[in-house]
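Undergrad: Chains as they are written, first to last, in this note's numbering: chain R, 1 to 125; chain Y, 1 to 194. Can you read through this structure? Questions will come right after.
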Amino acid sequence: MMAETDRTDERLEAFFEAARREPPVPSEALLARIRAEARQVKDVARPVAAPVPRVPLRARLAQALGGWQGLGGLVTATAAGLWIGYAGIADPASYGGDILGLEPVAASVELMPGTEDFAALVIGE
Amino acid sequence: MGNVVDALAEASDEALLVLYGNGDPEAARLLTARLAPVAYRVAARMLGDPAEAEDVAQEAMLRLWRLAPDWQGGAARVSTWLYRVAANLATDRLRRRRTLPLDAAAEPADERPGAVAGLVAQDRAAALEAALMRLPERQRQAVVLRHLEGLANPEIAEIMEVGVEAVESLVARGKRGLTEALAGRREELGFDDG
């Protein structure tokens with residue numbers, strides 16, 4: 001029985017061997033179509049995968065601050081602030097008056113009169 | 001440049017699929033050359049029809065291209081995945097065929113005029129293909145994957161989504177069916193019955 005099975009396998013193997021030597025081979029036209037589809041799939045996928053036109057960080061910042069004009073004002077104010085700090089001006093308000101030749105209208109302005117008395121009351125002094 | 005191409009040629013299917021997903025055109029060319037013949041062979045042997053096999057191979061490869069961005073590495077092999085997709089697409093077509101009139105199906109090759117002396121390996125291959133077409137489709141698929149594609153039973157089990165024992169059973173029954181189908185042709189195909 002076993003010998004018969006082996007013999008059958010041997011006979012079949014000769015057919016398998018013949019079939020392995022004569023495999024169905026795809027045509028070059030089919031391979032070309034498959035390669036073309038590979039390119040198409042990639043081309044379709046690309047716009048989805050890539051973000052829509054990127055706006056540079058500098059441009060986005062400028063836009064958030066009111067465009068280039070707004071940014072210009074900001075740069076000027078920042079430079080002025082830096083200069084004031086660097087020059088060590090004790091009282092910038094009076095300095096402005098000195099430059100422009102104006103008398104100061106008020107030395108200081110109290111925005112919330114009586115706040116100091118209230119604070120003293122709370123602290124209990 | 002030559003070194004890069006050489007390195008790609010040695011890369012695994014899985015690595016090439018990732019490269020294709022990242023937009024490498026050379027990877028697509030190599031994958032087509034390696035895998036399209038695999039899909040085509042299995043489909044042709046299951047369907048016995050070159051035109052239908054071409055459609056199946058093209059569809060299976062299209063699914064592979066679409067899968068590329070989502071391909072999960074790990075233990076899965078691209079070829080195993082492709083075998084499964086091609087075989088399932090071929091099975092779908094075989095099932096659709098059953099609803100067609102019988103004469104629309106592929107004609108078994110052993111209905112050809114009688115054999116002549118000196119038949120060679122090509123005739124044996126043709127005889128086997130005809131005998132394969134007479135097998136139930138699951139048995140045919142298992143025999144093709146085991147004895148013509150040379151895959152191991154565990155991989156066939158993965159492709160066919162069954163256990164290894166079921167694969168062994170399908171292959172054994174398939175071989176018995178082939179033996180019976182080829183019995184009358186042994187002599188004409190150069191085998192004596194002694």
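Positions of the beta carbon are idealized from the N, C-alpha and C atoms, including for glycine.
Can you confirm whether residue 7 of chain R, when its beta carbon is compared against all beta carbons of chain Y, has any partner nearer than 8 Å?
TA: As a working mapping, residue 7 of chain R is identified with position 7 in the first sequence. No - not a single Cβ of chain Y is within 8 Å of the one on residue 7 of chain R.
Undergrad: Mind pulling the chain R residues with CB within less than 7 Å of residue 122 of chain Y?
TA: Residue mapping note: residue 122 of chain Y aligns to position 122 of the second sequence, counting from 1. Under the 7 Å cutoff, chain R gives 22.
Undergrad: Please go through the same chain and pick out, in chain order, the residues whose beta-carbon is closer than 6 Å to the beta-carbon of residue 76 of chain Y, but skip the five residues on each side of it.
TA: Reading the second sequence from its first residue, position 76 is the one you call residue 76 of chain Y. For residue 76 of chain Y, where only same-chain residues beyond five positions count, there are no Cβ hits under 6 Å.
Undergrad: By alpha-carbon positions, which one of Y:66, Y:69, Y:99 and Y:53 ends up nearest to residue 86 of chain Y?
TA: Numbered from 1 along the second sequence, position 86 holds the residue referred to as residue 86 of chain Y. That would be Y:53, whose Cα lies nearest to the Cα of residue 86 of chain Y.
Undergrad: Assign residue 26 of chain R to one of three DSSP states: helix, strand, or coil.
TA: As a first step, residue 26 of chain R must be located in the first sequence, where it is residue number 26. Three-state result, residue 26 of chain R: coil.
Undergrad: Please identify the residue among Y:152, Y:72 and Y:78 whose C-alpha is closest to the C-alpha of residue 34 of chain Y.
TA: Here the question's residue 34 of chain Y lines up with position 34 in the second sequence. Closest option to residue 34 of chain Y, Cα to Cα, is Y:78.
Undergrad: Taking 8 Å as the limit between beta carbons, can you name the residues of its chain near residue 142 of chain Y, skipping five residues before and five after?
TA: Position 142 of the second sequence, counted from the start, is the residue given in the question as residue 142 of chain Y. Excluding positions up to five away in sequence, the list reads 156, 160, 167, 170, 171 and 174.
Undergrad: Measuring alpha carbon to alpha carbon, tell me which of Y:70, Y:126, Y:36 and Y:94 ends up nearest residue 18 of chain R.
TA: Counting from 1 along the first sequence, the entry for residue 18 of chain R is found at position 18. The shortest Cα separation from residue 18 of chain R among Y:70, Y:126, Y:36 and Y:94 belongs to Y:126.
Undergrad: If we define contact as Cβ-Cβ less than 8 Å, is residue 30 of chain R a contact residue for chain Y?
TA: Numbered from its first residue, the first sequence carries residue 30 of chain R at position 30. Yes, because at least one Cβ of chain Y sits closer than 8 Å to the Cβ of residue 30 of chain R.
Undergrad: Buried or exposed: which applies to residue 81 of chain R, given that a residue is buried once 16 or more other Cβ atoms fall within 10 Å of its Cβ?
TA: Numbered from 1 along the first sequence, position 81 holds the residue referred to as residue 81 of chain R. With fewer than 16 other Cβ atoms within 10 Å, it is exposed.
Undergrad: For residue 68 of chain Y, collect the residues of the same chain with a Cβ closer than 6 Å to its Cβ; drop the 5 residues on either side in sequence, then sort them by chain order.
TA: Taking the first residue of the second sequence as position 1, residue 68 of chain Y is located at position 68. Hits under 6 Å: 17, 20 and 21.
Undergrad: Is the Cβ-Cβ distance between residue 28 of chain Y and residue 57 of chain Y less than 8 Å?
TA: By one-based count along the second sequence, residue 28 of chain Y stands at place 28. By one-based count along the second sequence, residue 57 of chain Y stands at place 57. Not a contact, by the Cβ cut-off of 8 Å.
Undergrad: Going along chain A, which residues have a C-beta under 9 Å from residue 141 of chain Y?
TA: No chain A appears in this structure, whose protein chains are R and Y.
Undergrad: Within the 8 Å Cβ cut-off, does residue 23 of chain Y reach chain R?
TA: Along the second sequence, one-based indexing puts residue 23 of chain Y at 23. Closer than 8 Å to some Cβ of chain R, the Cβ of residue 23 of chain Y qualifies, so yes.
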